[in-house]
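Colleague: Residue numbers (full-length UniProt numbering): 1 to 107.
Using N, Cα and C, we set each Cβ at its ideal position, and we do this for glycine too.
Handing you a structure now.
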């Protein structure tokens, strides 16, 4: 399956955060999330495994109570149901991969 970025839709999540669902099917999903400087991805958890690849920008990520700064080229792993969130230090974009798919993003 081929997914062209310009054929996908941007969802404004408010407060300087947008989300674009990219390829998805079977048990996997790729999602692009863009943040303005100082935008917050609130602490949350979900039953999905998640990999986050930092495409650009700088972020302070908290995963399971540990906070570290990350930038372009860094990758983060979030196990199912682990509390995580971030603060954007320098405007940027993340590529999130979920398994299984986030059905709640498709509705």
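For residue 29, which residues does DSSP report across the bridge?
Modeller: 24, 98, per the DSSP bridge assignment.
Colleague: Within this structure, are the beta carbons of residue 16 and residue 35 separated by less than 8 Å?
Modeller: Yes, these two residues count as a Cβ contact at 8 Å.
Colleague: Excluding the 5 residues flanking residue 11 on each side, which residues of the same chain have their C-beta closer than 6 Å to its C-beta?
Modeller: 19, listed in sequence order.
Colleague: Would you say the stretch 22 to 33 touches the stretch 71 to 79, given that touching needs at least three Cβ pairs under 8 Å?
Modeller: Cβ pair count under 8 Å is below three, so no.
Colleague: For residue 1, which residues in the same chain have their Cβ closer than 7 Å to its Cβ, ignoring the five residues on either side in sequence?
Modeller: Only 23, 25 meet the Cβ criterion.
Colleague: Does the beta carbon of residue 16 come closer than 8 Å to any beta carbon on chain C?
Modeller: You won't find chain C in this structure, because it holds only one protein chain.
Colleague: For residue 49, which option in 61, 107, 81 has the closest C-alpha, if you only look at C-alpha atoms?
Modeller: That would be 81, whose Cα lies nearest to the Cα of residue 49.
Colleague: Give the straight-line distance between the Cα atoms of residue 39 and residue 60, rounded to the nearest whole angstrom.
Modeller: Each residue's alpha carbon lies about 11 Å from the other.
Colleague: Assuming contact is defined by CB atoms lying nearer than 8 Å, are residue 99 and residue 85 in contact in what I supplied?
Modeller: No, the Cβ-Cβ distance between residue 99 and residue 85 is not below 8 Å.
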